[in-house]
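I have placed the structure first, in the form of structure tokens, so that the comments after it can refer back to it.
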Ligand SMILES: Cc1cc2nc3c(=O)[nH]c(=O)nc-3n(C[C@H](O)[C@H](O)[C@H](O)COP(=O)(O)O)c2cc1C
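Numbering (my numbering), first residue to last: 162 to 312.
Here it is, written out as structure tokens:
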């Protein structure tokens, strides 16, 4: 099978997971293309697709919804697996994995969905600080949470 694995990412961990999925599929004898979803303009020629995106402040990266919108028809005709990447699976204080799974299903809903998964991501402590009072990672530059006074 020709399988497309597409991802969005801000800090690289969703790309790492997409590449690992691609390797596994190749080991299973498939021809695999792993790409950033902005670099894919058509699903033509693919027999199946895997799509993944990270979670920030409770929301799955909007690029995934845009990709689904652009490729609605193609995604209906092949089996599609979708994954989200966040810290909720390893820290329930950050959010509910089950709720992220539901959010993901809603975003990719037009697709012929065969699997949904929320994977644990990672956070680089040199660029982010974890604030016990807010149960949340904050960007140390404050860019993620303007006006909150963390630095
Ligand atoms: C500012 C910020 C907000 C985040 N918000 C959430 C969140 O709401 N839920 C969650 O599960 N993970 C959250 N995370 C964790 C990211 O999803 C995790 O670091 C992921 O691996 C990032 O993927 P990327 O490296 O592909 O960008 C957040 C991380 C940061 C830095």
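Just so it is clear, CB atoms sit at the ideal spot from N, CA and C, and this is done for glycine as well.
Inter-residue distance for residue 276 and residue 224 is about 20 Å (C-alpha atoms, whole angstroms). Annotated three-state conformation of residue 247 is strand, per DSSP. Here DSSP, grouped into helix, strand and coil, assigns residue 234 to helix. By the C-beta criterion, the stretch 230-237 is judged not to be in contact with the stretch 257-266, since fewer than 3 inter-stretch pairs fall below 8 Å. Boundaries of the alpha helix (DSSP H) harbouring residue 179: 174-188, taken from the DSSP string. A direct Cα-Cα distance of roughly 7 Å separates residue 183 from residue 194. Less than 8 Å divides the Cβ of residue 235 from the Cβ of residue 203. In the DSSP assignment, residue 258 falls within the alpha helix (DSSP H) that extends over 258-268. In this structure, residue 231 has its beta carbon at no less than 7 Å from each heavy atom of ligand 1.
If you compare the alpha carbons of 172, 179, 273 with that of residue 287, the shortest gap goes to 172. The straight-line gap separating the alpha-carbon atoms of residue 269 and residue 185 is approximately 23 Å.
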